[in-house]
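Before any comments, here is the structure.
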Amino acid sequence: KQEVTQIPAALSVPEGENLVLNCSFTDSAIYNLQWFRQDPGKGLTSLLLIQSSQREQTSGRLNASLDKSSGRSTLYIAASQPGDSATYLCAVRFLTNAGKSTFGDGTTLTVKP
Amino acid sequence: DGGITQSPKYLFRKEGQNVTLSCEQNLNHDAMYWYRQDPGQGLRLIYYSQIVNDFQKGDIAEGYSVSREKKESFPLTVTSAQKNPTAFYLCATPGPGGTGELFFGEGSRLTVL
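Protein sequence lines, in the order shown, are assigned to chains A and B.
Its first residue numbered 929, the first sequence is counted upward by one per residue in my numbering.
Its first residue numbered 83, the second sequence is counted upward by one per residue in my numbering.
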């Protein structure tokens, strides 16, 4: 069964700290991996999309890496701010799943002032 | 403004009633998806449509129905057969160009009284 796991479920850090969120998946045959941010009661906002042929993507203070062989992706957030507090979800589109993405349960990040 | 519009944002339903959630997009995308999200969990696929007049069951289709009569619209009906309908419902569409990047609406929260 193709699964996506995000550990930890919750993370609390002081403002200014650099942090890493983890996403692991069970099948290395993927089409892409996408990181999202979700604020309470809101939809998902796309942060970064990594295609299968890519190793990383960067946007501002965010950097996402992809290691298909180990089934892992990390989302690195530099110099965290209270406004970064949200739930971060990882979604993997497996090659054998007819274009449908499988989501992790998310990591809820709290950045304390 | 281009985007995905979901309505209503909040909906209350009595047990035994059918309700329909609206999803409209003006992005001219072919495919549209419906997901369900429960507290602390990732997204699960209910139904998806790759093209007008065609749709497929996702992982948790029981108790739901959809139609795709127009490219821009993909309504979801939560029927009385759905045993636990209280959840957050999200509509999404993958962007063109083959990247597979998913874009989401703001969601509809359904509560069964």
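We put the CB at the ideal spot given by N, CA and C, even for glycine.
In this text the structure is predicted, and so the values were computed from the model without any measurement.
With burial defined as no fewer than 16 other Cβ atoms inside 10 Å of the residue's Cβ, what is the status of residue 171 of chain B: buried or exposed? buried
Which residues in chain B have a C-beta closer than 9 Å to the C-beta of residue 1019 of chain A? List them in chain order. 124, 125, 184
With a threshold of 8 Å between beta-carbons, can residue 181 of chain B be considered close to chain A, or not? yes
Report the neighbours of residue 1032 of chain A on chain B: residues whose CB is nearer than 9 Å to its CB, in chain order. 124
Could you work out which residues of chain B lie near residue 971 of chain A, taking near to mean beta carbons separated by less than 7 Å? 172, 186, 187, 188, 189
I'd like to know whether the C-beta of residue 146 of chain B is nearer than 8 Å to at least one C-beta of chain A. no
Since residue 129 of chain B meets chain A, which of its residues come closer than 8 Å, beta carbon to beta carbon? Near residue 129 of chain B there are no residues of chain A at all, since even the closest Cβ is about 11 Å away, more than 8 Å.
Give me the residue from B:86, B:108, B:100, B:153 with the minimum Cα distance to residue 134 of chain B. B:153
By DSSP's criteria, residue 247 of chain B is part of a beta bridge. Which residues make up the other side? Within the shown structure, residues of chain B are numbered from 83 to 195, placing residue 247 of chain B beyond reach of any answer.
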